[in-house]
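Visitor: Dumping the structure here so I can ask a few things about it.
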Amino acid sequence: MTVEILQAHRLLSTCEDALASNFVVHKLFEAEDREALLREVGPRIRGVAAGGKVDAALMDALPNLEIIASFGVGYDSIDVATARQRGIHVTNTPDVLDDAVAELAIGLMLSLSRRIVQADAFVRSGRWAEGERFPFSFELTGRTVGILGLGRIGKEIASRAQGLKMRVVYHGRHRQEKVPYVYYDRLEDMARDSDWLVIMTPGGKGTERIVSRKVLEALGPKGMLVNIARGSVVDEEALVDLLQSGKLGGAALDVFAREPNVPEALMGMDNVVLSPHLGSATQQTRDAMGALVVENLLAQFKGAPLPSPVV
5 MTVEILQAHR
15 LLSTCEDALA
25 SNFVVHKLFE
35 AEDREALLRE
45 VGPRIRGVAA
55 GGKVDAALMD
65 ALPNLEIIAS
75 FGVGYDSIDV
85 ATARQRGIHV
95 TNTPDVLDDA
105 VAELAIGLML
115 SLSRRIVQAD
125 AFVRSGRWAE
135 GERFPFSFEL
145 TGRTVGILGL
155 GRIGKEIASR
165 AQGLKMRVVY
175 HGRHRQEKVP
185 YVYYDRLEDM
195 ARDSDWLVIM
205 TPGGKGTERI
215 VSRKVLEALG
225 PKGMLVNIAR
235 GSVVDEEALV
245 DLLQSGKLGG
255 AALDVFAREP
265 NVPEALMGMD
275 NVVLSPHLGS
285 ATQQTRDAMG
295 ALVVENLLAQ
305 FKGAPLPSPV
315 V
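Just so we're on the same page, the numbering used here is the position in the sequence shown counted from 1, plus 4.
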């Protein structure tokens, strides 16, 4: 008997094709009447393929749900507590995206330090051809980078930063054994001692605005912030204020508090690099993530161990 699943959100075409090859797929995101679809197929749904929010209300409509397979490493948009309480497995797609996200972090750092975005605009505007000289920028070599969240991706960022001859320090919930980096038990202290603060901590209530005004002030007028985690972990209002007042040196941001809405004040700042939540958005990585979603679903229905369980 073919298993019926619910696809809650649009996913990469290769992932959708693989889902369709293995399951009967009901696409909630395409339904004109979501409630009617859920009433009709809800009792037959055993799995959810998700690329966004899955709350208790959706689980209520799926009484025989066994697994939520999430496309992405973060799972703060899924009500994990309710899933755990109801015995519903939750999986994500870790590891396969570590390199892509780490590369983006380093790319943003280089863009901000060497002013690559501004240099491109300078050439395109004809100012170089007219004899104007582009201002000096600064190197990453010899600088200290503080990493908030030394998980799998954080470690990949750290190794790449070392390759650029940077000093690496970190802050997290606890000191990690067998890592060669200095640990700070207070984020504010690490920010004060760092030239760069790179954020790679999970989102959710536990980390909301963990990068507070005090942390940003400690980073200081020469300090640089890179956020590739979640917009919610930074006090965005304080960030804008400190950048405007010159009390923070610069920022490279891939995530924002109210995506896709970006504070208007950031748009005109010369010391800010903005990107549209690219994260792991490379073809190779997204294909691998989609494959892992399918692998988790197949494992569940075969009674095999889940490749990447959260719950």
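We put the beta carbon where it would ideally sit given N, CA and C, even for glycine.
Applying the criterion that 16 or more other CB atoms from any shown protein chain within 10 Å of the CB defines a buried residue, is Lys226 buried or exposed?
Guide: By the neighbour-count rule (16 or more Cβ atoms within 10 Å), Lys226 is not buried but exposed.
Visitor: Please say whether Leu16 and Val52 have beta carbons closer to each other than 8 angstroms?
Guide: No.
Visitor: Should the segment 192 to 202 be called in touch with the segment 149 to 159, which here means at least 3 C-beta pairs below 8 angstroms?
Guide: Verdict: yes, contact present.
Visitor: Classify Glu95: buried if its beta carbon has 16 or more other beta carbons within 10 angstroms, exposed otherwise.
Guide: According to the sequence shown, residue 95 is Thr rather than Glu. Buried, since its Cβ has 16 or more Cβ neighbours within 10 Å.
Visitor: Looking at the unbroken alpha helix (DSSP H) that takes in Arg234, where does it start and where does it end?
Guide: Arg234 -> no alpha helix (DSSP H), and no H or E assigned at all.
Visitor: So, for Thr18: in the same chain, excluding its five sequence neighbours on each side, which residues have a beta-carbon less than 6 angstroms away from its beta-carbon?
Guide: Within the same chain, Thr18 has close Cβ partners Asp291 and Gly294.
Visitor: Closest to Gly207 by CA distance: which of Val58, Gly153 and Glu107 is it?
Guide: Nearest of Val58, Gly153 and Glu107 to Gly207, Cα basis: Gly153.
Visitor: Tell me which residues share the same chain as Arg164 and place their Cβ nearer than 7 angstroms to its Cβ, disregarding the 5 neighbours each side in the sequence.
Guide: These residues qualify, in order along the chain: Ala106 and Ile110.
Visitor: Would you give the residue range spanned by the alpha helix (DSSP H) that Thr289 belongs to?
Guide: Counting along the chain, the alpha helix (DSSP H) containing Thr289 begins and ends at Gln287 to Lys306.
Visitor: Just to confirm, is the Cβ distance from Leu66 to Ile49 under 8 angstroms?
Guide: Their beta carbons are under 8 angstroms apart, which means Leu66 touches Ile49 by this criterion.
Visitor: Give every residue of the same chain whose Cβ lies closer than 6 angstroms to the Cβ of Ala195, excluding the five residues on either side of it in the sequence, and list them in chain order.
Guide: Leu201, Val219, Ala222 and Leu223, listed in sequence order.
Visitor: Check this for me: beta carbons of Leu62 and Val77, under 8 angstroms apart or not?
Guide: Cβ distance not < 8 angstroms, so Leu62 and Val77 don't count as in contact.
Visitor: How many angstroms separate the CA atom of Ala269 from the CA atom of Arg88?
Guide: Their Cα atoms are separated by approximately 41 angstroms.
Visitor: In three-state DSSP terms, what is Ala261?
Guide: Coil, per DSSP.
Visitor: Could you please give the first and the last residue of the uninterrupted alpha helix (DSSP H) stretch that includes Ser141?
Guide: Taken as a continuous stretch (DSSP letters only), Ser141 belongs to no alpha helix (DSSP H), as it is neither H nor E.
Visitor: Contact defined as beta carbons within less than 8 angstroms: I believe Ser312 pairs with Ala104. What is the distance between those atoms, to the nearest angstrom?
Guide: Incorrect: roughly 16 angstroms between the Cβ atoms, too far for contact.
Visitor: Assign Val127 to one of three DSSP states: helix, strand, or coil.
Guide: Three-state DSSP puts Val127 in a helix.
Visitor: Assign Met271 to one of two classes, buried (16 or more other C-beta atoms within 10 Å of its C-beta) or exposed (fewer than that).
Guide: Its Cβ having fewer than 16 others within 10 Å, Met271 is exposed.
Visitor: Taking DSSP as the reference, what is the three-state secondary structure of Pro280?
Guide: It is coil, neither helix nor strand.
Visitor: Counting only runs that start and end within the segment 164 to 220, where is the alpha helix (DSSP H) found for 4 or more residues in a row?
Guide: Qualifying alpha helix (DSSP H) stretches, in chain order: 191 to 197.
Visitor: Compare the beta carbon distance of Asn68 and Val298 with 8 angstroms and say whether it is the shorter of the two.
Guide: No, the Cβ-Cβ distance between Asn68 and Val298 is not below 8 angstroms.
Visitor: Would you mind stating whether Val121 and Ser115 have Cβ atoms separated by less than 8 angstroms?
Guide: Cβ distance < 8 angstroms, so Val121 and Ser115 count as in contact.
Visitor: Within 10 angstroms of its Cβ, does Phe138 collect 16 or more other Cβ (buried), or is it exposed?
Guide: By the neighbour-count rule (16 or more Cβ atoms within 10 Å), Phe138 is not buried but exposed.
Visitor: Which residue or residues does DSSP assign as beta-bridge partners of Lys317?
Guide: What the structure shows of the chain is the stretch from 5 to 315, and residue 317 is not part of that stretch, so it cannot be assessed.
Visitor: For the segment 272 to 283 against the segment 250 to 261, are there 3 or more C-beta pairs whose distance is under 8 angstroms?
Guide: Output reads yes: the segment 250 to 261 touches the segment 272 to 283.
Visitor: For the segment 89 to 130, which segments carrying the beta strand (DSSP E) assignment without a break, of at least 3 residues, lie completely within its bounds, in sequence order?
Guide: Whole beta strand (DSSP E) segments, 3+ residues: 93 to 95.
Visitor: Buried or exposed: where does His178 fall if 16 or more other Cβ atoms within 10 Å of its Cβ makes it buried?
Guide: That one is exposed.
Visitor: How far does the alpha helix (DSSP H) with Val45 in it reach, from first residue to last?
Guide: Run containing Val45: Arg38 to Val45, per the alpha helix (DSSP H) assignment.
Visitor: Here's the rule I'm using: 16 or more other beta-carbon atoms within 10 Å means buried, otherwise exposed. How should Ala73 be labelled?
Guide: Classification of Ala73: buried, given that the 10 Å Cβ count is 16 or more.
Visitor: If you draw a straight line from the alpha carbon of Lys169 to that of Leu229, how long is it in whole angstroms?
Guide: Approximately 19 angstroms between the Cα atoms of the pair.
Visitor: Please state whether DSSP places Gly150 in a helix, a strand or coil.
Guide: Residue state, collapsed to three classes: strand.
Visitor: Nearest CA to the CA of Ser117: which residue from Ala133, Phe126, Lys306 and Ser141?
Guide: When each option's Cα is compared against that of Ser117, the closest is Ser141.
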